[in-house]
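At position 133 of the sequence shown the residue is numbered 132 (the working numbering), and the sequence of numbers has no breaks. Report on one structure; see the data block that follows.
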Amino acid sequence: MAGTLLVGAVAQAEDKVFGWVENASIEPWGIAVKAKLDSGALTSSLDARNIEMFENDGEEWVRFRLKLEDQDSGETFSDQIERPLYREQKVRGAGGRDERPVVLIDVCMGDTVYEEQFSLRDREEMLYPLLLGRRTISHLGLLDVRNTFLQEPGCGENATYVPHDSTDDQS
């Protein structure tokens with residue numbers, strides 16, 4: 000039993016600690032944005048405009064426009080992106096029910112690139128264009144809700160890459 004406790008303590012000591020707001024980079028474009036880490040949300044969300052579904056070689060895809068201000072350069076990134084539809088997410092809130100497309104996108108947090116699920120929605124009225132939910136937070140490490148900006152994104156071409164794990168979909 001003592002060995003099990005020791006292994007658990009060592010694993011916890013190696014976890015990175017992230018604040019409730021962090022700088023992130025959306026890859027492969029290298030767009031620097033502020034991200035809110037929200038343990039109240041299961042799925043991460045990204046600010047997207049002009050969202051439309053279409054068919055590509057018999058598969059469902061999503062076309063959307065990112066309109067994000069790069070925190071480093073101050074320039075607005077406003078490219079149209081196309082991604083395969085990963086799934087649709089049903090959302091219930093005060094405004095009623097909504098269905099949002101979910102796609103896989105790479106995000107750099109700290110020194111690691113994570114391929115994560117992002118629901119697409121217009122977040123123009125929100126303070127943070129990128130919201131990271133529990134699925135993503137569980138891959139990052141620990142969340143310190145008392146602090147912000149504990150990790151700086153620094154993902155070069157040799158950064159560790161963590162592909163999406165479909166077993167997380169059941170959480």
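All C-beta atoms in this analysis are idealised placements derived from N, C-alpha and C, irrespective of residue type, glycine included.
Nearest-angstrom beta carbon gap, residue j and residue i [assumed within contact, 8 Å]
i      : j      : result
Ala23  : Val32  : 6 Å
Gly39  : Phe148 : Rounded, the Cβ-Cβ distance is 20 Å, inconsistent with contact.
Gly109 : Gln150 : 4 Å
Asp14  : Leu130 : At roughly 21 Å, the Cβ-Cβ gap does not stay under 8 Å, so Asp14 and Leu130 are not in contact.
Per DSSP, cross-strand counterpart(s) of residue i
i      : result
Asp105 : Glu26, Glu114
Gly155 : In DSSP, Gly155 forms no bridge with anything.
Glu87  : Pro100
Phe53  : Trp60
Ser43  : Phe117
Glu68  : Thr75
Tyr127 : Partner(s): none; Tyr127 has no beta bridge.
Simplified DSSP assignment, three categories, for residue i
i      : result
Ser165 : helix
Tyr13  : A small fix is needed here, since residue 13 is Glu in this sequence, not Tyr. If DSSP states are grouped into helix, strand and coil, Glu13 belongs with the helices.
Leu139 : helix
Leu5   : Note on Leu5: pLDDT 41, under 50, position unreliable in the model; no value is reported.
Arg122 : coil
Arg145 : coil
Other residues of its chain near residue i: CB distance less than 7 Å, five sequence neighbours each side excluded
i      : result
Glu68  : Thr75
Glu58  : Pro83
Tyr85  : Val101, Val102, Leu103, Gln116
Phe53  : Trp60, Arg62
Ala10  : Annotation note: pLDDT 44 at Ala10 (below 50); position unreliable, coordinate value reported separately. If we look at Ala10 and ignore the five residues flanking it on each side, it has no Cβ neighbours.
Ala8   : At Ala8, the pLDDT of 39 sits below 50, so the modelled position is not reliable; the number obtained from the coordinates is stated separately. Around Ala8: no qualifying Cβ.
His138 : Tyr113, Val161
Other residues of its chain near residue i: CB distance less than 6 Å, five sequence neighbours each side excluded
i      : result
Asp46  : Arg122, Pro128
His163 : Leu103, Glu114
Ala12  : Its pLDDT being 48, under 50, Ala12 is placed unreliably by the model, and nothing is read from it.
Pro152 : Asn22, Ala23, Ser24, Cys107
Arg96  : none
Asp168 : none
Leu141 : Asp14, Val16
Own chain residues within Cβ distance below 8 Å of residue i, not counting five before or after
i      : result
Glu87  : Glu98, Arg99, Pro100, Val101
Leu41  : Gly132, Arg133, Arg134, Ser170
Val112 : Glu26, Asp105, Val106, Cys154, Ala158, Thr159, Tyr160, Val161
Ser118 : Thr42, Ser43, Ser44, Leu45, Gln88, Val90, Arg99, Pro100, Val101
Contact with chain C by residue i, beta-carbon distance below 9 Å
i     : result
Gly73 : Among the chains of the structure shown, chain C does not appear; only one protein chain is present.
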